[in-house]
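Read the structure below first, then the notes.
Numbering (this note's numbering), first residue to last: 321 to 599.
This is the structure we're talking about:
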């Protein structure tokens, strides 16, 4: 297939996936958001085409079973990576949607995961491995601006500057510590221990970015309006935000909406159960 045919195929698959996700989730994207998502896929392919064409194993599933938490719960660690052979070297790539600057500023967050993956790939599967790396699919803001301008020369310049591949050397000496961290998280999830960070953390910038924790993390959390830390942060932001936030909490809908909410939360089985008559 020619590069043009491949990109047409990518567009077709993208549209099919979008329609499927829309049917499954019931959510649609605006035309601008949809185009931005397609641009991310297309320019990711254009930039990393040599790697894409040299992948020897794609979506390799790595599994570390029979692990136990401090409270005795059994769990399994699973991951999916791509394997590329370049001459005598074997690379393991883990694809992330995070931006490159954030990844480079927080390599320790990714190193632990890659250490476990490399341990599984080398020791449990008996395969050769020389390098591990993260591939960032997020387009840099300056490249997105260039794409929006439509100037092919500017786009080509910014595309050449973009470096989405971040090599992170693996060290399997700390694998057990990472597994222990996973175990603690499993126990917290199973015991419904979802403690939010202190409210002051939400006002700090995430290392490697110019974005607040509340903007990057809380904005994508469905539970944020039930979170004390987020509520405290929002009430401190400003009068306008405070008024909007208060309005959100005091808006219980109209009578019909309230009735629907009550019905939706009723225990139908209990309602349909005949009460026992005392003998």
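Think of the CB as a built atom: it goes at the ideal place given N, C-alpha and C, for glycine as much as any other residue.
DSSP links residue 453 through a beta bridge to 413, 487.
One Cα belongs to residue 418, the other to residue 539, and the distance between them is close to 15 Å. By the C-beta criterion, the segment 481 to 500 is judged to be in contact with the segment 434 to 448, since at least 3 inter-stretch pairs fall below 8 Å.
Straight through space, the alpha carbons of residue 359 and residue 384 are spaced by roughly 35 Å.
Annotation for residue 376: the continuous beta strand (DSSP E) segment containing it runs 375 to 388. Counting of Cβ neighbours within 10 angstroms places residue 412 among the buried residues, the total reaching 16 or more.
Look at residue 515 here: in three-state DSSP terms it is coil, with no helix or strand label. Per the Cβ contact rule, the segment 420 to 433 is not in contact with the segment 378 to 392 (fewer than 3 Cβ pairs under 8 Å). In the structure shown, the three-state DSSP call for residue 504 is helix.
For residue 521, same chain residues with a beta-carbon under 8 Å away, outside a window of 5 residues either side, are 533, 549 in chain order. Separation of residue 469 and residue 456 (C-alpha to C-alpha, rounded to the nearest whole angstrom) is 23 Å. When DSSP states are grouped into helix, strand and coil, residue 407 belongs to the coil group.
Beta-bridge partners of residue 532 (DSSP): 525.
Nearest to residue 388 by C-alpha distance, out of 519, 513, 515, 506, is 506.
Here residue 514 is exposed. Its C-beta has fewer than 16 other C-beta atoms within 10 Å.
Nearest C-alpha to residue 452 among 404, 499, 398, 322: 404. For residue 398, the three-state secondary structure derived from DSSP is strand.
Annotated three-state conformation of residue 497 is helix, per DSSP. The alpha-carbon separation between residue 372 and residue 544 amounts to approximately 38 Å.
Per DSSP, residue 480 is one residue of the alpha helix (DSSP H) stretching across 472 to 481. The beta carbon of residue 525 is closer than 8 Å to those of 531, 532, 533 in its chain, skipping five residues each way along the sequence. Cβ-Cβ distances below 7 Å link residue 488 to 427, 430, 431, 434, 452, 453, 454 in the same chain, with the five nearest sequence neighbours on each side left out; the list follows chain order. Counting only residues of its own chain and dropping the five nearest sequence neighbours on each side, residue 463 has a CB closer than 6 Å to the CB of 478, 482.
DSSP places residue 325 within a helical segment (H, G or I) once states are collapsed to three.
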